[in-house]
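Q: Note that the protein sequences, when read in sequence, are chains C and H. First residue of the first sequence: -7, per my numbering; consecutive thereafter. First residue of the second sequence: 111, per my numbering; consecutive thereafter. Where a beta carbon is used, it is the ideal one built from N, C-alpha and C, also for glycine.
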Amino acid sequence: MGLLTTLKSSVSRATSSLFAGEETKRIGIYGPPNAGKTTLANRIARDWTGDAVGPESHVPHETRRARRKENVEIKRNGKSVTIDVVDTPGVTTKVDYTEFLEHDIEKEDAVRRSREATEGVAEAMHWLREDVDGVIYVLDAAEDPFTQVNTMLVGIVESQDLPVLIFANKIDLEEANVQRVANAFPQHETVPLSALEGENMDEVYDKIAEYFG
Amino acid sequence: MPEITANDDPDDRALDDADPGREDRDPAPDDPPEDGSDGTDDGGIQLDMISAERMEGMRTMEKIRLILDGVHDGNIVILEEGLEPDEESKLIEVTMSEINPDGFTGIEIETYPGEQSGGGGLLGRLMGGNDANKLTVIGPANRIETLHKDETLISTLVTRT
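Shown next as structure tokens:
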């Protein structure tokens, strides 16, 4: 009986190990507001499933709830990787409703948006601590990457021992500086792209398959 | 390690006898003024310098409360040693829950960048690196603005608004 139990246990472990690489990984797309997270999530979802994840906007905090696109199967080099893409609200340490007023939004709506934004940031932090298997950290390559929020967020990801890729987005902009992003986080691989224009998406998918497959 | 905390020693208040106006200017961080003011009597700005020693035995929420209570009072909180990543995550979460459209708009936080960019992660920690041990400045978002920051200097503008 003991021998049988041991044998069954060994077979079970071997089977789990054999298929461990085929489990769906939940990949969180993180970054500051307006880095292009939703544009990237939509690009990935549209390329592989035909559907979008959520609306894109130049107004900060357009994404105020984490949105998930499940079972996105990415095929690279004869293999396939299945991920759940989690588009998260932009992380910040401050939200002021008056910033929404600058985008021609009425005060009542601005107050509601700011309240939802704060809840969204808290939700994003919660997902990061408990519910994601890997992180794509998206930065606007035309903006200074040396901000405290970026440093803190990448530090939090590292403390969770999660695999992370840095995406230097918006390389279609003249002011984009990919090297500056790479210099900010030299311990991680930086992938340049334009989610809006679809530039360098082949490398993006190669890296997603390599890091999260 | 010498304690650099400002005004957290009850014995220090003995000096109040020699300077009757002192108590109003220098309230302890744990004792916000009862009059609802921002911790200053003349529009000045209060700095709470909290030593590593004071934070050492505290739980995460105790640290966060100490920081945010100071910030809510309009003070600039300076930590001799920064927070751990998980504590920073909780600080962001709690800060978000306390933002109020009619008042508190959140925090501005600055810590020196540098070593953590190259020494973070599991390997860095295994090699003995400790990213958290960096002086950290935290203040109300509507009163503190970072003018310049590099690996050796944090320059901030603090307003009295």
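Considering only the alpha carbon of each residue, which of C/Arg121, C/Asp101, C/Glu65 and C/Ala160 lies closest to C/Ile128?
A: Taking the first residue of the first sequence as 1, we reach residue 128 of chain C at position 136. Of the candidates C/Arg121, C/Asp101, C/Glu65 and C/Ala160, the one whose C-alpha sits nearest the C-alpha of C/Ile128 is C/Ala160.
Q: Could you tell me the alpha carbon to alpha carbon distance between C/Asp132 and H/Glu208, rounded to whole angstroms?
A: Position 140 of the first sequence, counted from the start, is the residue given in the question as residue 132 of chain C. Position 98 of the second sequence, counted from the start, is the residue given in the question as residue 208 of chain H. Between C/Asp132 and H/Glu208, the C-alpha separation is close to 28 Å.
Q: Using three-state DSSP, classify H/Leu233 as helix, strand or coil.
A: Sequence index remark: in the second sequence, residue 233 of chain H carries index 123 (1-based). Summary for H/Leu233: the model assigns pLDDT 45, below 50, so the residue's position carries little reliability, and this model does not support an answer.
Q: Excluding the five sequence neighbours on either side, which residues of its own chain have a C-beta within less than 6 Å of the C-beta of C/Glu167, listed in chain order?
A: As a working mapping, residue 167 of chain C is identified with position 175 in the first sequence. So the list reads Ala134, once near-sequence residues are dropped.
Q: DSSP three-state call for H/Lys311: helix, strand or coil?
A: With chain H covering 111 to 271 only, the question about residue 311 of chain H has no answer from this structure.
Q: Which residues of the stretch 190 to 204 of chain C have a Cβ closer than 7 Å to any Cβ of chain H? Give them in chain order.
A: So the list is empty, because no residue satisfies the distance condition.
Q: From C/Thr30 to C/Asn63, what distance separates their C-alpha atoms?
A: Taking the first residue of the first sequence as position 1, residue 30 of chain C is located at position 38. Taking the first residue of the first sequence as position 1, residue 63 of chain C is located at position 71. Answer to the nearest angstrom: the Cα atoms are 17 Å apart.
Q: Closer than 7 Å, CB to CB, is H/Ile202 near chain C or not?
A: In the second sequence, residue 202 of chain H corresponds to position 92, counting from 1. Yes, H/Ile202 counts as interfacial toward chain C.
Q: Using the beta-carbon of each residue, which ones in chain C are nearer than 9 Å to H/Gly216?
A: Taking the second sequence and counting its residues from 1, one reaches residue 216 of chain H at position 106. Within chain C, the residues near H/Gly216 are Thr84, Thr85, Lys86, Val87, Asp88 and Thr110.
Q: So that I know if they touch, is there some Cβ in chain H lying closer than 7 Å to that of C/Ile97?
A: By 1-based counting over the first sequence, the position of residue 97 of chain C is 105. No, its Cβ sits nowhere closer than 7 Å to a Cβ of chain H.
Q: For the stretch 130 to 148 of chain C, which residues have a CB atom closer than 8 Å to at least one CB atom of chain H, in sequence order?
A: If the cut-off is 8 Å between Cβ atoms, the stretch 130 to 148 of chain C has Phe138, Gln140, Thr143, Met144, Val146, Gly147 and Ile148 near chain H.
Q: Do you know how far the Cα of H/Gly153 is from the Cα of C/Val83?
A: Stepping through the first sequence from its first residue, residue 83 of chain C is reached at position 91. Stepping through the second sequence from its first residue, residue 153 of chain H is reached at position 43. When rounded, the distance between both Cα atoms is 32 Å.
Q: Please classify H/Arg175: is it buried, with 16 or more other beta-carbons within 10 angstroms of its beta-carbon, or exposed?
A: In the second sequence, counting from the first residue as 1, residue 175 of chain H sits at position 65. It counts as exposed.
Q: Which residues in chain H have a C-beta closer than 8 Å to the C-beta of C/His118? List them in chain order.
A: As a position in the first sequence, residue 118 of chain C is number 126, starting the count at 1. Here the neighbours are Glu203.
Q: Go ahead and pull the three-state DSSP assignment for C/Phe159.
A: On the first sequence, residue 159 of chain C is found 167 positions in, with the first residue counted as 1. Three-state result, C/Phe159: strand.
Q: What is the rounded straight-line gap between the Cα of H/Arg235 and the Cα of H/Pro195?
A: The residue given as residue 235 of chain H occupies position 125 in the second sequence. The residue given as residue 195 of chain H occupies position 85 in the second sequence. Interpretation of H/Arg235 is limited by its pLDDT of 44, a score under 50 that renders its predicted location unreliable; no figure is taken from the coordinates.
Q: As an exercise, report each continuous alpha helix (DSSP H) stretch of at least 4 residues that is fully enclosed by the stretch 169 to 203 of chain H, in chain order.
A: Correct list: 170 to 182.
Q: Label C/His53 either buried or exposed according to how many other C-beta atoms from any shown protein chain fall within 10 Å of its C-beta, with 16 as the threshold for buried.
A: As a working mapping, residue 53 of chain C is identified with position 61 in the first sequence. Buried, since its Cβ has 16 or more Cβ neighbours within 10 Å.
Q: Contact criterion: CB-CB distance below 7 Å. Does H/Met159 meet it with respect to chain C?
A: As a first step, residue 159 of chain H is located in the second sequence; it is residue number 49 there, counting from the start. With 7 Å as the cut-off, H/Met159 does not count as an interface residue toward chain C.
Q: Please give the ranges of any beta strand (DSSP E) in the stretch 32 to 108 of chain C, keeping only runs that are unbroken, at least 3 residues long and fully inside the region.
A: Complete beta strand (DSSP E) runs here, min 3: 59 to 68 and 71 to 79.
Q: Between the beta-carbon of H/Asp158 and the beta-carbon of H/Val187, is there less than 7 Å?
A: Counting from 1 along the second sequence, the entry for residue 158 of chain H is found at position 48. Counting from 1 along the second sequence, the entry for residue 187 of chain H is found at position 77. Yes, they are a contact pair.
Q: Look at C/Phe138 and C/Ala187 and say whether their C-beta atoms are less than 7 Å apart.
A: For the purposes of this step, residue 138 of chain C is identified with residue 146 of the first sequence, where counting begins at 1. For the purposes of this step, residue 187 of chain C is identified with residue 195 of the first sequence, where counting begins at 1. Cβ distance not < 7 Å, so C/Phe138 and C/Ala187 don't count as in contact.
Q: Taking just the CA atoms, how far does C/Glu108 sit from H/Glu172?
A: Position 62 of the second sequence, counting from 1, holds the residue named residue 172 of chain H. Position 116 of the first sequence, counting from 1, holds the residue named residue 108 of chain C. The straight-line gap from Cα to Cα measures roughly 26 Å.
Q: Three or more beta-carbon pairs under 8 Å between the stretch 248 to 260 of chain H and the stretch 84 to 103 of chain C, yes or no?
A: Touching, yes, given that three or more Cβ pairs across the two stretches are closer than 8 Å.
Q: Return the first residue and the last residue of the alpha helix (DSSP H) that C/Leu145 is part of.
A: The residue given as residue 145 of chain C occupies position 153 in the first sequence. Unbroken alpha helix (DSSP H) run through C/Leu145: Gln140 to Ser151.
Q: When Cβ atoms are compared, which residues of the stretch 153 to 182 of chain H fall closer than 8 Å to chain C?
A: Under the 8 Å Cβ criterion, the stretch 153 to 182 of chain H contributes no residue.
Q: Please state the DSSP three-state secondary structure of C/Val113.
A: Here residue 113 of chain C corresponds to residue number 121 of the first sequence, with the count starting at 1. DSSP places C/Val113 in helix when its eight states are reduced to three.
Q: Check for me: the alpha helix (DSSP H) holding C/Ile200 runs from which residue to which?
A: Position 208 of the first sequence, counted from the start, is the residue given in the question as residue 200 of chain C. Here the alpha helix (DSSP H) through C/Ile200 covers Met193 to Phe204.
Q: C/Pro155 and C/Ala116 - do their beta-carbons sit closer together than 7 Å?
A: Counting from 1 along the first sequence, the entry for residue 116 of chain C is found at position 124. Counting from 1 along the first sequence, the entry for residue 155 of chain C is found at position 163. No, the Cβ-Cβ distance between C/Ala116 and C/Pro155 is not below 7 Å.
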